[in-house]
Every structure is written in structure tokens, then in C-alpha cells.
Amino acid sequence: MSDAVTPWLHILAVSVWVGPQFFLFIAALPAIRTIEDRQARARVMRVIVTRFGWLAWAAMAVIVLTGISNLFQVGGDTPLSWSTAFDFRYGRIFAEKMVLVGITVGLTAVHTLVVGPRQLALNEQMNADPTQVARLRRVSIAISVTSLIASVLAIFMGALLANHTYSFEPD
Ligand code: HEM
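Each residue of the sequence shown is one higher than the one before, starting from 213 at the first, in our numbering.
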């Protein structure tokens, strides 16, 4: 029973990481764009994006900690150990999952630290060049979509790992 706690927290944090990204794309951003007053629109955007950033990074910290904890729980009556992991599908799938995690974390960092702040600053400049705004928006969307796809694939890899009849087959 206590073994269920970290997988539960892992999945909970994954849903907190991924869920708001879908919500932002599908509901919040299109809604914000309908605000005609530019200053009000820029303010609403800053509040939502900043809080979304805190939420996402807190969730990622929990994902990484619980993911590491999950690793120490795998095994039990199964043939997995650190030295043999790559003899099974488990090792390869885990490595692929870590590449996807690296991609999503790296792209989110670029978005949070570089592209996002530039977008917010441009939104707040009343005389910003519309071509520059549009170009940065395209870059921002490309980064966010790629990061979201990497996260969704990482969820699939997690599901494959957790299916031990599949992942503990020899590779
Ligand atoms: C450093 C980062 C991570 C580590 C070390 C890690 C590790 C693990 C481990 C060991 C498992 C359990 C597999 C098993 O039961 O044998 C797992 C499950 C899972 N992981 Fe991760 N993970 C990490 C990040 C992520 C990320 C970023 C996502 C998605 C965005 C994710 C999604 C999942 C899912 C959906 C499961 C299946 C849970 C279940 O059904 O038990 N993980 N992870």
C-alpha cells in the first residue's frame, strides 16, 4: 500500500505539469486575446503566465523526486537491478523516457527564461513592432508544442515501464 504513494504523487504531478498546458492553449490564451484593451491584456497575460510557470516548475520538481523514488521501488520479485536493467526492455524505455524528459525540461527552461519574458516585455510596449511580435509568437508556439509532445510521449513511456509484463521482457 505505501508503495503506491510515490507512483500516485508522480502521476498527480504529471497531470499538474501537462493539464494546464492544454488548458492554456485551448482556453486561456484564446480568451486573453479577446481582451481589446492592450494594457489590460498584457497584465492578465503576465499574471497567468507567471503563475503557470511556478505551478509547472513545482510539478516538475515533484515529478523528478518521485520518479527517482519510483526507481528504488522497482524490482521486488522482478529480475530488475541496476546492472541488468539494459538486458530488459525496461532499461531502453527508461533511457528513451529520460531523453524526452530532458527535451521537455530544456525547452520549458528556454521558454520560461528567454522567450516568455521577451514576449511579455513586447506585449507591454505599446509601440512594439507587430512583425517582431508575430515572429516571437511563432517561436514560442513551436517551443511549447514540441515540449508538450515530448511530455505526452514521456507519459506513454511511463505507462510502458509500469506494464511489467511488457517492460521486463528481455530486449
Ligand atoms: C527524472 C524524471 C523521471 C524519472 C526518474 C521517472 C521514473 C519513473 C519510474 C521509475 C516509473 C515507474 C515505472 C514502473 O512502475 O516500473 C515511472 C512511471 C511513470 N512516469 Fe516517470 N519518471 C520521470 C519523469 C516523468 C515525466 C516528465 C513524465 C511525464 C510527463 C512521467 C510519466 C510517468 C508515467 C505516466 C508513469 C506511469 C505511472 C504508473 O502507471 O505507475 N515521468 N516514472
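Note that the Cβ used here is the ideal one computed from N, Cα and C, for glycine as well.
These numbers come from a predicted model, not from an experiment.
Measure the C-alpha to C-alpha separation of residue i and residue j and round it to an integer number of angstroms.
i: PHE306; j: GLN337; result: 45 Å
i: SER418; j: TYR378; result: Past the boundaries of the shown model lies residue 418; the chain is included only from 213 to 383, so the question cannot be answered.
i: GLN344; j: ARG330; result: 11 Å
i: ALA346; j: ILE238; result: 19 Å
i: PHE380; j: ARG350; result: 42 Å
i: PHE235; j: VAL228; result: 11 Å
i: MET213; j: TRP220; result: 11 Å
Please determine whether the Cβ atom of residue i lies at a distance below 6 Å from any heavy atom of the ligand HEM.
i: PRO232; result: no
i: GLY279; result: yes
i: ALA366; result: yes
i: ALA374; result: yes
i: ASN282; result: yes
i: ILE247; result: no
i: SER363; result: yes
i: ALA271; result: no
i: ALA371; result: yes
i: ILE275; result: yes
i: ILE223; result: yes
i: VAL313; result: yes
i: VAL461; result: As displayed, the chain neither begins before 213 nor continues past 383, which places residue 461 out of reach and without an answer.
i: PRO342; result: no
i: PRO242; result: no
Please state whether the Cβ-Cβ distance between residue i and residue j is less than 7 Å.
i: ALA240; j: ILE260; result: yes
i: ALA340; j: LEU332; result: no
i: ASN282; j: HIS222; result: yes
i: ASP215; j: GLN285; result: yes
i: ILE247; j: ARG253; result: yes
i: ILE275; j: VAL226; result: yes
Assuming residue i contacts residue j (C-beta within less than 8 Å), just tell me the rounded distance between them.
i: ILE361; j: HIS323; result: With a Cβ gap of about 14 Å, ILE361 and HIS323 do not count as contacting.
i: THR358; j: LEU312; result: About 11 Å separates the two Cβ atoms, so there is no contact after all.
i: THR278; j: THR218; result: 5 Å
i: ALA270; j: PRO232; result: That pair is no contact at about 11 Å.
i: THR348; j: VAL326; result: Sequence inspection shows Leu at residue 348; the Thr mentioned does not correspond to that position. Contact flag wrong, Cβ pair sits at about 10 Å.
i: LYS309; j: LEU373; result: 7 Å
Excluding the 5 residues preceding and the 5 following residue i in the sequence, name in chain order all residues of the same chain whose CB lies nearer than 8 Å to its CB.
i: VAL230; result: LEU360, SER363, VAL364 and ILE367
i: MET257; result: ILE244, LEU332 and ASN335
Spatial neighbours of residue i within its chain, please: C-beta separation below 6 Å, excluding the five flanking residues on both sides.
i: GLY303; result: ALA297
i: GLY265; result: THR324
Considering only residues of the same chain and omitting the five flanking positions on each side of residue i, which have a CB-CB separation below 7 Å?
i: ARG263; result: none
i: ARG250; result: MET338
i: MET272; result: TRP229 and VAL317
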